[in-house]
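Below is one structure, written out as C-alpha coordinates; the observations come after it.
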Amino acid sequence: MSRARSEPCARDGAHRVAVVVLPGVRPLDLGIPAQVFTARPGSPYSVSLCAARPGPVASSAGFDVLVEHGLEVVAGCDTVLVPGYDTAQPPPQEVLEVLRTAHAAGRRVVSICTGAFALAAAGVLDGLRATTHWDSAERLARMHPSVEVDADALYVDQGSVLTSAGVSAGIDLCLHLVRRDRGAAAANALARALVAAPHREGGQRQYVEHPVAVSSRTSLGQVRERAVQQLAQPLTVAEMAGWAHLSPRTFARRFLAETATTPKQWLLSVRIQRARELLETSDLGVDRVASAVGLGTVANFRAHFRRATGRTPAAYRSSFNATAAVDGR
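Residue numbers (my numbering): 315 to 643.
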(Lines of atoms letter the chains of each structure in order from A and count residues from 1; the text may use other names and numbers.)
(Lines give C-alpha, C1' and ligand atoms only; values in the text may rest on other atoms or scores of the structure.)
Protein backbone atom coordinates (compact mmCIF):
# COMPACT_ATOMS: atom_id res chain seq x y z
CA MET A 1 0.00 0.00 0.00
CA SER A 2 1.31 3.44 -0.91
CA ARG A 3 0.73 6.11 1.74
CA ALA A 4 -0.08 9.50 0.17
CA ARG A 5 0.96 12.11 2.69
CA SER A 6 -0.52 15.53 2.05
CA GLU A 7 -1.33 18.61 4.03
CA PRO A 8 -4.87 19.98 4.41
CA CYS A 9 -5.59 23.03 2.25
CA ALA A 10 -4.92 25.53 4.99
CA ARG A 11 -1.38 26.91 4.68
CA ASP A 12 -1.45 30.69 4.91
CA GLY A 13 -0.74 32.49 1.66
CA ALA A 14 -0.54 29.34 -0.47
CA HIS A 15 -2.67 28.59 -3.51
CA ARG A 16 -4.49 25.52 -2.26
CA VAL A 17 -4.93 22.53 -4.60
CA ALA A 18 -7.24 19.64 -3.72
CA VAL A 19 -6.60 16.45 -5.72
CA VAL A 20 -9.64 14.17 -5.77
CA VAL A 21 -8.55 10.51 -5.81
CA LEU A 22 -11.10 8.23 -7.46
CA PRO A 23 -11.13 4.40 -7.49
CA GLY A 24 -8.87 3.12 -10.23
CA VAL A 25 -6.75 6.28 -10.12
CA ARG A 26 -3.81 6.29 -12.52
CA PRO A 27 -0.62 6.67 -10.48
CA LEU A 28 1.26 8.86 -12.97
CA ASP A 29 -1.70 11.24 -13.29
CA LEU A 30 -1.93 11.40 -9.50
CA GLY A 31 1.77 12.14 -9.10
CA ILE A 32 1.89 14.98 -11.64
CA PRO A 33 0.14 17.74 -9.62
CA ALA A 34 1.95 16.76 -6.43
CA GLN A 35 5.30 16.89 -8.20
CA VAL A 36 4.70 20.05 -10.25
CA PHE A 37 3.15 22.13 -7.49
CA THR A 38 5.60 21.12 -4.74
CA ALA A 39 8.81 20.45 -6.70
CA ARG A 40 10.68 23.52 -5.47
CA PRO A 41 11.31 24.74 -1.90
CA GLY A 42 9.05 27.63 -0.97
CA SER A 43 6.42 26.65 -3.51
CA PRO A 44 3.42 29.03 -3.50
CA TYR A 45 1.13 25.99 -3.67
CA SER A 46 -0.08 23.46 -1.13
CA VAL A 47 -1.51 20.12 -2.24
CA SER A 48 -4.04 17.90 -0.48
CA LEU A 49 -5.20 14.47 -1.61
CA CYS A 50 -8.80 13.69 -0.77
CA ALA A 51 -11.37 10.98 -1.48
CA ALA A 52 -15.04 10.27 -0.91
CA ARG A 53 -13.94 8.04 1.95
CA PRO A 54 -10.51 8.54 3.49
CA GLY A 55 -8.42 5.40 3.60
CA PRO A 56 -7.08 3.01 0.97
CA VAL A 57 -8.11 3.77 -2.63
CA ALA A 58 -7.29 1.15 -5.27
CA SER A 59 -5.14 2.41 -8.14
CA SER A 60 -5.14 1.13 -11.71
CA ALA A 61 -1.66 -0.30 -11.11
CA GLY A 62 -2.79 -2.85 -8.55
CA PHE A 63 -1.70 -1.12 -5.36
CA ASP A 64 -3.68 1.03 -2.94
CA VAL A 65 -3.12 4.70 -2.25
CA LEU A 66 -3.80 5.63 1.35
CA VAL A 67 -5.61 8.98 1.25
CA GLU A 68 -5.81 10.87 4.52
CA HIS A 69 -8.47 13.53 3.81
CA GLY A 70 -12.15 13.53 2.96
CA LEU A 71 -13.93 15.77 0.47
CA GLU A 72 -14.49 18.47 3.08
CA VAL A 73 -11.03 19.92 2.26
CA VAL A 74 -12.31 20.96 -1.19
CA ALA A 75 -14.32 23.78 0.38
CA GLY A 76 -11.13 25.47 1.55
CA CYS A 77 -9.18 25.11 -1.69
CA ASP A 78 -8.64 27.34 -4.73
CA THR A 79 -8.18 24.63 -7.38
CA VAL A 80 -9.82 21.21 -7.53
CA LEU A 81 -8.04 18.64 -9.72
CA VAL A 82 -9.23 15.18 -10.80
CA PRO A 83 -6.51 12.83 -12.12
CA GLY A 84 -7.28 10.06 -14.62
CA TYR A 85 -9.07 6.98 -13.28
CA ASP A 86 -10.77 3.78 -14.43
CA THR A 87 -13.94 5.17 -16.00
CA ALA A 88 -15.62 1.75 -15.93
CA GLN A 89 -16.46 2.74 -12.36
CA PRO A 90 -18.74 5.80 -12.15
CA PRO A 91 -17.59 8.46 -9.67
CA PRO A 92 -19.39 8.48 -6.32
CA GLN A 93 -22.31 10.88 -6.24
CA GLU A 94 -20.75 12.85 -3.41
CA VAL A 95 -17.71 13.53 -5.61
CA LEU A 96 -19.93 14.80 -8.42
CA GLU A 97 -21.77 17.07 -6.00
CA VAL A 98 -18.49 18.48 -4.65
CA LEU A 99 -17.30 19.21 -8.20
CA ARG A 100 -20.59 20.98 -9.03
CA THR A 101 -20.45 23.02 -5.85
CA ALA A 102 -16.81 24.00 -6.38
CA HIS A 103 -17.51 25.06 -9.95
CA ALA A 104 -20.59 27.06 -8.93
CA ALA A 105 -18.52 28.78 -6.24
CA GLY A 106 -16.02 29.97 -8.85
CA ARG A 107 -13.20 27.63 -7.93
CA ARG A 108 -10.86 26.44 -10.67
CA VAL A 109 -11.75 22.89 -11.71
CA VAL A 110 -9.13 20.84 -13.56
CA SER A 111 -8.79 17.31 -14.93
CA ILE A 112 -5.93 15.20 -16.23
CA CYS A 113 -6.60 12.50 -18.82
CA THR A 114 -9.83 10.56 -18.07
CA GLY A 115 -10.52 12.80 -15.10
CA ALA A 116 -12.57 14.73 -17.68
CA PHE A 117 -15.22 12.00 -17.43
CA ALA A 118 -15.86 12.97 -13.80
CA LEU A 119 -16.10 16.66 -14.71
CA ALA A 120 -18.50 15.81 -17.53
CA ALA A 121 -20.64 13.59 -15.29
CA ALA A 122 -20.90 16.47 -12.82
CA GLY A 123 -22.11 18.79 -15.60
CA VAL A 124 -19.05 21.04 -15.24
CA LEU A 125 -18.13 20.63 -18.93
CA ASP A 126 -21.61 21.29 -20.37
CA GLY A 127 -21.33 23.67 -23.31
CA LEU A 128 -17.56 23.86 -23.02
CA ARG A 129 -14.65 22.67 -25.14
CA ALA A 130 -12.63 19.95 -23.40
CA THR A 131 -10.15 17.18 -24.06
CA THR A 132 -9.03 13.82 -22.69
CA HIS A 133 -6.70 11.05 -23.83
CA TRP A 134 -7.14 10.53 -27.58
CA ASP A 135 -8.10 6.89 -27.00
CA SER A 136 -11.06 7.94 -24.83
CA ALA A 137 -12.16 11.09 -26.68
CA GLU A 138 -14.78 9.44 -28.87
CA ARG A 139 -16.37 7.74 -25.86
CA LEU A 140 -16.44 11.00 -23.90
CA ALA A 141 -18.18 12.73 -26.79
CA ARG A 142 -20.69 9.90 -27.14
CA MET A 143 -21.49 9.78 -23.42
CA HIS A 144 -21.70 13.57 -23.02
CA PRO A 145 -22.95 15.19 -26.25
CA SER A 146 -23.21 18.59 -24.56
CA VAL A 147 -19.39 18.68 -24.33
CA GLU A 148 -17.33 19.86 -27.32
CA VAL A 149 -14.56 17.27 -27.24
CA ASP A 150 -11.28 18.23 -28.91
CA ALA A 151 -9.42 14.96 -29.44
CA ASP A 152 -6.26 16.70 -30.66
CA ALA A 153 -5.56 19.25 -27.92
CA LEU A 154 -2.84 18.62 -25.33
CA TYR A 155 -4.91 20.72 -22.94
CA VAL A 156 -7.86 23.10 -23.10
CA ASP A 157 -8.17 26.24 -20.99
CA GLN A 158 -11.73 27.51 -20.62
CA GLY A 159 -10.95 29.96 -17.87
CA SER A 160 -12.08 28.36 -14.63
CA VAL A 161 -12.33 24.88 -16.20
CA LEU A 162 -9.28 23.17 -17.68
CA THR A 163 -8.78 19.67 -19.09
CA SER A 164 -5.78 17.80 -20.46
CA ALA A 165 -4.91 14.74 -22.49
CA GLY A 166 -3.08 11.79 -20.97
CA VAL A 167 -0.09 11.60 -18.63
CA SER A 168 2.62 13.93 -20.01
CA ALA A 169 -0.05 16.39 -21.16
CA GLY A 170 -0.92 16.67 -17.47
CA ILE A 171 2.54 18.14 -16.96
CA ASP A 172 1.86 20.59 -19.79
CA LEU A 173 -1.40 21.63 -18.14
CA CYS A 174 0.06 22.01 -14.64
CA LEU A 175 2.94 24.11 -16.01
CA HIS A 176 0.33 26.19 -17.85
CA LEU A 177 -1.44 26.78 -14.53
CA VAL A 178 1.83 27.93 -12.98
CA ARG A 179 2.39 30.19 -16.00
CA ARG A 180 -1.08 31.68 -15.53
CA ASP A 181 -0.63 32.12 -11.78
CA ARG A 182 3.03 33.07 -11.52
CA GLY A 183 4.23 34.00 -15.02
CA ALA A 184 6.42 32.45 -17.71
CA ALA A 185 9.72 32.82 -15.83
CA ALA A 186 8.42 30.83 -12.85
CA ALA A 187 6.97 28.14 -15.13
CA ASN A 188 10.21 27.90 -17.11
CA ALA A 189 12.30 27.57 -13.96
CA LEU A 190 9.99 24.84 -12.71
CA ALA A 191 10.13 23.05 -16.07
CA ARG A 192 13.93 23.02 -15.89
CA ALA A 193 13.76 21.49 -12.41
CA LEU A 194 11.41 18.80 -13.74
CA VAL A 195 13.50 18.27 -16.91
CA ALA A 196 10.35 19.00 -18.90
CA ALA A 197 9.55 21.20 -21.88
CA PRO A 198 8.20 24.59 -20.70
CA HIS A 199 5.69 24.58 -23.54
CA ARG A 200 5.03 21.97 -26.23
CA GLU A 201 3.62 22.86 -29.61
CA GLY A 202 1.00 20.93 -31.54
CA GLY A 203 -1.54 18.46 -30.29
CA GLN A 204 -2.15 14.78 -29.62
CA ARG A 205 -2.26 14.01 -33.34
CA GLN A 206 1.53 14.00 -33.50
CA TYR A 207 1.58 11.13 -30.99
CA VAL A 208 -1.24 9.16 -32.59
CA GLU A 209 0.20 9.25 -36.09
CA HIS A 210 3.92 9.39 -35.28
CA PRO A 211 4.54 7.56 -32.00
CA VAL A 212 8.21 7.00 -32.90
CA ALA A 213 10.47 10.03 -33.28
CA VAL A 214 11.77 10.74 -36.74
CA SER A 215 15.46 10.10 -37.32
CA SER A 216 18.02 12.84 -36.76
CA ARG A 217 18.69 12.78 -40.49
CA THR A 218 15.27 14.23 -41.24
CA SER A 219 14.51 16.09 -38.00
CA LEU A 220 14.07 19.84 -38.24
CA GLY A 221 15.10 20.39 -34.64
CA GLN A 222 18.28 22.23 -35.62
CA VAL A 223 16.24 24.58 -37.80
CA ARG A 224 13.97 25.40 -34.87
CA GLU A 225 16.96 25.99 -32.62
CA ARG A 226 18.49 28.35 -35.17
CA ALA A 227 15.20 30.23 -35.51
CA VAL A 228 14.99 30.70 -31.73
CA GLN A 229 18.46 32.24 -31.78
CA GLN A 230 17.40 34.70 -34.50
CA LEU A 231 13.95 35.77 -33.28
CA ALA A 232 14.72 39.45 -33.79
CA GLN A 233 15.13 38.87 -37.51
CA PRO A 234 12.16 38.96 -39.95
CA LEU A 235 12.31 35.22 -40.59
CA THR A 236 10.29 33.67 -43.43
CA VAL A 237 9.29 30.09 -44.15
CA ALA A 238 11.38 30.22 -47.32
CA GLU A 239 14.47 31.22 -45.33
CA MET A 240 13.95 28.47 -42.76
CA ALA A 241 13.40 25.98 -45.57
CA GLY A 242 16.71 27.05 -47.07
CA TRP A 243 18.49 26.21 -43.81
CA ALA A 244 17.12 22.67 -44.17
CA HIS A 245 17.97 22.55 -47.91
CA LEU A 246 14.31 21.90 -48.69
CA SER A 247 11.71 23.58 -50.85
CA PRO A 248 9.22 25.71 -48.82
CA ARG A 249 6.43 23.25 -49.62
CA THR A 250 8.40 20.18 -48.51
CA PHE A 251 9.69 22.03 -45.46
CA ALA A 252 6.17 23.06 -44.40
CA ARG A 253 4.92 19.50 -44.84
CA ARG A 254 7.74 17.99 -42.77
CA PHE A 255 7.44 20.71 -40.14
CA LEU A 256 3.74 19.96 -39.71
CA ALA A 257 4.44 16.23 -39.51
CA GLU A 258 7.04 16.75 -36.77
CA THR A 259 5.29 19.39 -34.66
CA ALA A 260 1.59 19.23 -35.61
CA THR A 261 1.69 22.97 -36.28
CA THR A 262 2.79 25.20 -39.14
CA PRO A 263 6.13 27.05 -39.24
CA LYS A 264 4.37 30.42 -38.97
CA GLN A 265 2.24 29.35 -36.02
CA TRP A 266 5.24 27.85 -34.27
CA LEU A 267 7.37 30.95 -34.82
CA LEU A 268 4.65 33.26 -33.50
CA SER A 269 4.21 31.10 -30.40
CA VAL A 270 7.95 31.17 -29.68
CA ARG A 271 8.03 34.94 -30.13
CA ILE A 272 5.14 35.45 -27.73
CA GLN A 273 6.80 33.15 -25.19
CA ARG A 274 10.04 35.13 -25.40
CA ALA A 275 8.10 38.39 -25.08
CA ARG A 276 6.50 37.10 -21.87
CA GLU A 277 9.93 36.39 -20.43
CA LEU A 278 11.26 39.84 -21.35
CA LEU A 279 8.21 41.59 -19.91
CA GLU A 280 8.62 39.66 -16.66
CA THR A 281 12.36 39.87 -16.20
CA SER A 282 13.52 43.11 -17.84
CA ASP A 283 12.67 46.81 -17.89
CA LEU A 284 12.80 47.06 -21.69
CA GLY A 285 10.14 49.30 -23.16
CA VAL A 286 7.36 47.67 -25.15
CA ASP A 287 8.89 48.95 -28.40
CA ARG A 288 12.21 47.25 -27.61
CA VAL A 289 10.50 44.03 -26.61
CA ALA A 290 8.58 44.06 -29.90
CA SER A 291 11.86 44.50 -31.78
CA ALA A 292 13.70 41.87 -29.76
CA VAL A 293 11.16 39.17 -30.56
CA GLY A 294 10.73 40.11 -34.22
CA LEU A 295 7.13 41.33 -34.06
CA GLY A 296 7.86 44.68 -35.67
CA THR A 297 5.78 47.67 -34.68
CA VAL A 298 4.34 48.21 -31.21
CA ALA A 299 0.82 48.03 -32.64
CA ASN A 300 1.52 44.68 -34.30
CA PHE A 301 3.14 43.34 -31.14
CA ARG A 302 0.26 44.45 -28.93
CA ALA A 303 -2.30 42.85 -31.25
CA HIS A 304 -0.51 39.49 -31.34
CA PHE A 305 0.28 39.52 -27.62
CA ARG A 306 -3.27 40.32 -26.59
CA ARG A 307 -4.67 37.66 -28.92
CA ALA A 308 -2.33 35.06 -27.41
CA THR A 309 -2.57 35.99 -23.72
CA GLY A 310 -5.78 37.95 -23.32
CA ARG A 311 -3.81 40.90 -21.89
CA THR A 312 -1.93 43.91 -23.18
CA PRO A 313 1.86 43.84 -22.71
CA ALA A 314 1.57 46.57 -20.05
CA ALA A 315 -1.09 44.68 -18.11
CA TYR A 316 0.93 41.47 -18.30
CA ARG A 317 4.05 43.23 -17.02
CA SER A 318 2.18 44.82 -14.12
CA SER A 319 1.03 41.35 -13.03
CA PHE A 320 4.29 39.45 -13.33
CA ASN A 321 7.14 41.94 -13.11
CA ALA A 322 7.26 43.25 -9.54
CA THR A 323 10.03 45.78 -10.25
CA ALA A 324 8.25 47.24 -13.25
CA ALA A 325 4.99 47.43 -11.30
CA VAL A 326 6.66 49.39 -8.49
CA ASP A 327 8.46 51.70 -10.89
CA GLY A 328 5.33 52.23 -12.98
CA ARG A 329 6.89 51.01 -16.23
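C-beta atoms are modelled at their ideal positions from N, C-alpha and C, and glycine is treated no differently.
Distance, Cα to Cα, residue i vs residue j?
i           : j           : result
residue 584 : residue 367 : 45 Å
residue 606 : residue 463 : 38 Å
residue 596 : residue 512 : 19 Å
residue 472 : residue 461 : 12 Å
residue 626 : residue 450 : 37 Å
residue 406 : residue 501 : 34 Å
residue 556 : residue 575 : 19 Å
residue 425 : residue 408 : 17 Å
residue 342 : residue 456 : 26 Å
The beta strand (DSSP E) with residue i in it runs from where to where?
i           : result
residue 364 : 359-365
residue 343 : It is not in any beta strand (DSSP E) - residue 343 instead sits in the alpha helix (DSSP H) that spans 341-352.
residue 331 : 329-334
Within this structure, are the beta carbons of residue i and residue j separated by less than 7 Å?
i           : j           : result
residue 396 : residue 432 : yes
residue 562 : residue 569 : no
residue 474 : residue 506 : no
residue 373 : residue 339 : yes
residue 331 : residue 428 : no
residue 482 : residue 469 : no
residue 604 : residue 615 : yes
residue 412 : residue 385 : yes
residue 480 : residue 346 : no
residue 371 : residue 335 : yes
residue 591 : residue 634 : no
Suppose the cutoff is 7 Å on Cβ atoms and the five residues either side in sequence are ignored; what does the same chain contact list for residue i look like?
i           : result
residue 554 : 537, 541, 565 and 577
residue 359 : 328, 329, 331, 351 and 352
residue 534 : 558, 568, 569 and 572
residue 495 : 329
residue 403 : 337 and 338
Would you give the residue range spanned by the alpha helix (DSSP H) that residue i belongs to?
i           : result
residue 601 : 600-606
residue 495 : 482-496
residue 583 : 577-595
residue 612 : 612-623
Let me confirm a value: residue i is counted as buried when at least 16 other C-beta atoms fall within 10 Å, else exposed. Which label applies?
i           : result
residue 418 : exposed
residue 465 : buried
residue 375 : exposed
Give me, in chain order, the residues of the same chain whose beta-carbon lies closer than 8 Å to that of residue i; leave out the 5 immediate sequence neighbours on both sides.
i           : result
residue 420 : 474
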